[in-house]
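Numbering-wise (numbering that gives the first Met the number 0), the sequence shown opens with residue 0 and increments by one.
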Amino acid sequence: MKKKRRNPGARVLEAMQIPPDLARRDCILTLCGGNEIYIENYRHILEYQEDEIRVLTKNGKVSVRGKRLAIISYTSDDMYITGQIQEIAIL
C-alpha cells in the first residue's frame with residue numbers, strides 16, 4: 000500500500016498548531032445571543048444601514064439583517080456588530 004504524501008505546507012501549519020480556517024483566512028462568524036455578532040477575515044463593507052449590514056468575504060457576501068444594527072468597532076480584519084439580529088445570510 001502506498002503511503003499518503005501530505006503537502007509540506009500542511010505539515011508546517013500542523014507543527015505550528017495553526018487552525019486550517021485561519022491559515023486559509025476563511026470568514027469566521029461568531030454569534031453571541033441575538034444581539035452581537037463578530038465577523039473575522041472580511042474584505043470590506045458593501046452596505047451599512049440600520050436594518051442591514053453587508054460585507055464581502057473571500058468566499059462571497061455576508062448579510063446581517065435586523066433592527067438598530069451598528070458597527071461598534073472594526074479593523075481591516077474584523078468587526079463587531081450589535082443590535083437586534085434577525086437574520087444572517089451567506090450569499
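Backbone N, C-alpha and C fix where the C-beta goes; we use that ideal spot for every residue, glycine too. As the structure is a computational prediction, the values presented were derived from the model and not from experiment.
Per DSSP, the bridge partner or partners of residue i
i: residue 75; result: Answer is none; residue 75 lacks a bridge partner.
Nearest-angstrom Cα separation, counted from residue j out to residue i
i: residue 90; j: residue 38; result: 15 Å
i: residue 30; j: residue 36; result: 4 Å
i: residue 63; j: residue 76; result: 17 Å
i: residue 79; j: residue 28; result: 10 Å
i: residue 42; j: residue 52; result: 14 Å
i: residue 26; j: residue 32; result: 19 Å
Below-7 Å beta-carbon distance, residue i vs any chain D residue
i: residue 53; result: The chain inventory of the structure shown lacks chain D, comprising one protein chain alone.
Given residue i as reference, the closest of the options once Cα atoms are compared
i: residue 81; options: 70, 74, 87; result: 70
i: residue 85; options: 50, 60, 25; result: 50
Extent of the continuous beta strand (DSSP E) run through residue i
i: residue 51; result: 51–56
i: residue 90; result: First-last for residue 90: undefined, no H or E at that position.
i: residue 31; result: 27–31
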